[in-house]
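Reviewing the structure listed below.
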Amino acid sequence: MTVQFVLNNDKPWAKAGYVQMEEQLPVRSAALAPAIAATAASVHKPVLEKGKETDVVKGNGWEVSFDNATGTISSLSYSGKQYITPGNGPALNAYRAPVDNDVWVWQSWYANGLHNLRHKVIDRSAFTRADGAVVLQYTVESQAPCTSTISGRPRGKWTITDGRAFGPDDFKFTTNQIWTVYPDGSIELEAAINSNNPSLILPRLGYEMRLPGNLDSYTYYGRGPVNNFNDRKTAQNIGVYKSKVADQFVNFPKPQSMGNREEIRWNAVTDATGNGLLFIPTEGTMSASALPWTDMEMTMAAHPYELPKSDRTVLHLDTKVLGLGASCGQGGPLRPDRVLGNAHTFGFIMRPVAAGDNLQKEASVSASGVRPLSLTRSRTGEVTVTSSNPDAKIMYRMVQPGKKAAKKQKAVAYTAPVNMRDGGTIEVWDAATPELTTTVEYPRIENLPVEVIFASSQEPGEEASRLVDGDPTTNWHTTYGVTVALYPHWVDFDCGEMKTIKGFTYLPRQDGDNGDIKDWKAETSIDGKNWTPADNGTFARDKKEKRVLFKTPVKARYLRFTGLSSQNGADFASGAEFSVLAD
């Protein structure tokens with residue numbers, strides 16, 4: 002229900018009917034919609050044709066093929082109209098064209114390759130359900146080929162420079178995505194998305210697809226009618242809005258991320274005759290946008306006239322999009338409005354629509370596809386397995402390195418996290434669908450769980466304990482509120498027991514330059530009182546994690562890290578994360 006206060010009579014500054022104040026109030030929650038499996042039932046059962054490069058599912062008047070190398074739709078046609086072509090199907094995406102406010106964080110996006118993800122299937126399976134629906138599961142690894150940096154004029158031309166090649170330990174996503182294809186051609190995607198850096202701040206997380214340019218009409222039910230983000234949305238009312246895709250463009254002097262809409266219940270892209278595709282999130286709402294250009298095209302264009310001529314519609318469906326934060330990048334968004342690289346589940350249903358269809362009615366369906374399992378490993382090696390299906394009975398097998406194949410181990414019910422600090426392979430599945438298994442191989446963890454036992458200086462609210470909290474958005478900072486402590490600054494870490502310490506990692510604060518350490522030294526101790534030099538050096542002046550390996554590993558329990566000088570010459574020291582490496 003929308004309540005408005007409007008002018009009763011013409012005024013010099015506005016005409017009668019001008020809205021002076023308004024607010025929307027929820028009346029009730031939406032009723033539970035019927036399951037898509039029942040709505041999409043048909044006497045014509047789809048046929049699954051398995052192949053080496055593609056698996057094809059055919060139905061009455063429709064056909065969809067899946068690329069077995071990338072784990073997504075490679076072609077899709079309804080009633081003779083092709084809606085997805087090879088290389089343009091829904092793909093995991095975590096990048097947006099930086100907005101001016103993103104200056105505090107955007108370098109980390111390129112350093113981790115978010116703009117250049119490549120997708121590779123590492124496991125797959127497929128079967129036909131008893132109700133005729135076809136289920137295809139892919140475990141997909143998404144990683145850039147190399148690290149990158151971006152440079153240039155802040156509101157002009159950018160240059161992206163590639164750096165060293167990525168290895169298996171560099172940033173990547175691992176996604177367990179399950180496609181359920183129903184007899185009427187409706188397709189449901191359920192995805193469990195994880196990364197190997199759960200604290201990395203992402204610009205967005207969801208799926209991008211590139212559709213034919215004739216799908217140029219955009220209709221959505223959510224907040225509008227203009228740009229909004231999760232920390233800039235309450236001024237936009239929830240409603241059904243319709244426009245041309247081209248009209249979603251905002252004429253910023255420098256093209257950047259635009260068109261985002263929050264709390265989307267459903268959206269559709271259609272052609273001039275009303276034929277097209279309808280998308281419904283499988284849980285709650287989603288963020289979404291439809292534009293003629295990709296985010297990389299908007300990133301690289303210095304001005305709107307430099308955008309290339311477009312012959313496509315780029316659709317984003319996201320579980321969450323990073324908020325805007327403080328003006329001009331002077332501070333990132335609040336924690337609830339950030340997107341982190343931790344575990345997420347997301348899904349949507351895609352349905353064909355035609356002229357005369359009632360979009361709200363067609364969107365009134367609920368998910369009934371197989372839910373994927375999500376695996377996460379903590380910093381201490383504990384593997385947790387979860388499912389968004391409350392009735393799931395999770396089973397698993399595991400094997401430590403050097404043992405027999407995982408499939409030969411006895412399967413047991415999952416009841417508690419499994420310790421895999423030493424690495425190994427774990428295979429998990431829901432007892433209701435043993436045809437679908439997820440296998441993950443974990444390397445040995447070399448970072449020790451440590452405790453901060455002393456800091457030479459720390460500002461209240463920015464204590465040294467934040468160096469080991471696993472959150473790079475929190476910082477240790479030396480005192481500045483009452484007085485300023487002078488260099489050197491040091492922090493002592495306790496490994497809990499004697500270990501062979503081989504080095505450490507230091508991540509500078511990610512939200513500013515103040516306190517970034519330049520020269521440093523490291524010392525070790527057996528008793529926490531007597532210290533022996535281990536190594537020293539100088540850090541590069543950038544925001545990348547610094548990994549230091551000692552020339553000779555040291556048997557010790559304690560490590561002292563000392564900052565000797567700062568990158569900008571000031572007396573402050575700071576850091577986001579610190580870890581101790583051990584054999």
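Residue numbers in the sequence shown follow our numbering, run continuously in steps of one, and reach 584 at the last position. From the three backbone atoms N, C-alpha and C, an ideal C-beta is built for every residue, glycine too. Since this is a predicted model, take the numbers as computed values, not measurements.
- CA-CA distance, Lys394 to Tyr415, rounds to 8 angstroms.
- About 14 angstroms separates the beta carbon of Ala368 from that of Thr286, a gap too long to meet the 8 angstroms contact definition.
- Proximity to His478 across Gly462, Val549, Val469 peaks at Gly462, based on C-alpha coordinates.
- Judged by DSSP secondary structure, Leu360 falls within the alpha helix (DSSP H) whose first and last residues are 360 to 363.
- Ser375 and Cys147 have their alpha carbons spaced roughly 26 angstroms apart.
- Looking at the backbone, the Cα of Leu115 and that of Val227 are separated by about 26 angstroms.
- Gly424 sits close to Pro444, with the two beta carbons spaced by under 8 angstroms.
- Secondary structure of Pro509 (DSSP, three-state): coil.
- In this structure, DSSP gives Arg398 an extended state, which the three-state scheme calls strand.
- Taking each of Ile161, Arg154, Asn61 in turn and checking the Cα distance to Ala112, the smallest one comes out for Ile161.
- When the Cα atoms are used, Ile427 and Ala236 turn out to be separated by approximately 47 angstroms.
- Three or more beta-carbon pairs drawn from the segment 434 to 444 and the segment 121 to 141 are found closer than 8 angstroms, and the two stretches are therefore classed as touching.
- Ser109 sits buried, since 16 or more C-beta atoms from the chains shown fall within 10 Å of its C-beta.
- Secondary structure of Gln108 (DSSP, three-state): helix.
- In the three-state scheme derived from DSSP, where H, G and I count as helix and E and B as strand, Ala166 is classed as strand.
- In the displayed model, Gln568 falls within coil according to three-state DSSP, outside both helix and strand.
- Counting only residues of its own chain and dropping the five nearest sequence neighbours on each side, Thr55 has a CB closer than 8 angstroms to the CB of Ser66, Phe67, Asp68, Asn69, Ser75.
- Sixteen is the threshold: since fewer than 16 other Cβ atoms of the shown chains lie within 10 Å of the Cβ of His304, the residue is exposed.
- Burial state of Met499 is exposed, judged by a 10 Å Cβ sphere holding fewer than 16 other Cβ atoms.
- A residue is called buried once 16 or more other Cβ atoms fall within 10 Å of its Cβ, and Tyr306, having fewer, is exposed.
- With 16 or more other Cβ atoms from the protein chains shown falling within 10 Å of its own Cβ, Leu93 counts as buried.
- Taking 8 angstroms as the upper bound for CB-CB distance, Asp217 and Lys245 are in contact here, some 6 angstroms apart.
- With respect to the 8 angstroms criterion, Asp572 and Tyr507 are not classified as neighbours on the basis of their beta carbons.
- Excluding residues up to 5 positions away in sequence, Gly72, Val122, Arg125, Gln178 lie with their Cβ nearer than 7 angstroms to the Cβ of Tyr139 in the same chain.
- In this structure, Ser566 places its C-beta atom within 8 angstroms of the C-beta atom of Asp520.
- Under the 10 Å beta carbon count, Tyr19 is surrounded by fewer than 16 other beta carbons and is classified as exposed.
- Assigned with DSSP and collapsed to three states, Tyr306 falls in helix.
- In the structure shown, Val28 adopts coil according to DSSP, grouped into three states.
- Using a Cβ distance threshold of 8 angstroms, Asp495 and Arg422 do not count as a contacting pair.
- Counting only residues of its own chain and dropping the five nearest sequence neighbours on each side, Thr3 has a CB closer than 7 angstroms to the CB of Glu23, Gln25, Asn238.
- By the C-beta density criterion, Met301 is buried, having at least 16 other C-beta atoms within 10 angstroms.
- Residue range 452 to 456 is occupied by the beta strand (DSSP E) that includes Ile454.
- Inter-segment contact for the segment 242 to 256 and the segment 194 to 208 is absent: fewer than three beta-carbon pairs are separated by less than 8 angstroms.
- Look at the beta carbons and you see the segment 262 to 282 not touching the segment 47 to 61: under three pairs across the two are nearer than 8 angstroms.
- Using a Cβ-Cβ distance cut-off of 8 angstroms, the segment 310 to 319 and the segment 206 to 223 are in contact, since at least three pairs of beta carbons, one from each stretch, lie closer than that value.
- In chain order, Ser76, Leu77, Pro213 place their CB closer than 8 angstroms to the CB of Gln83, counting only its own chain and leaving out the 5 sequence neighbours on each side.
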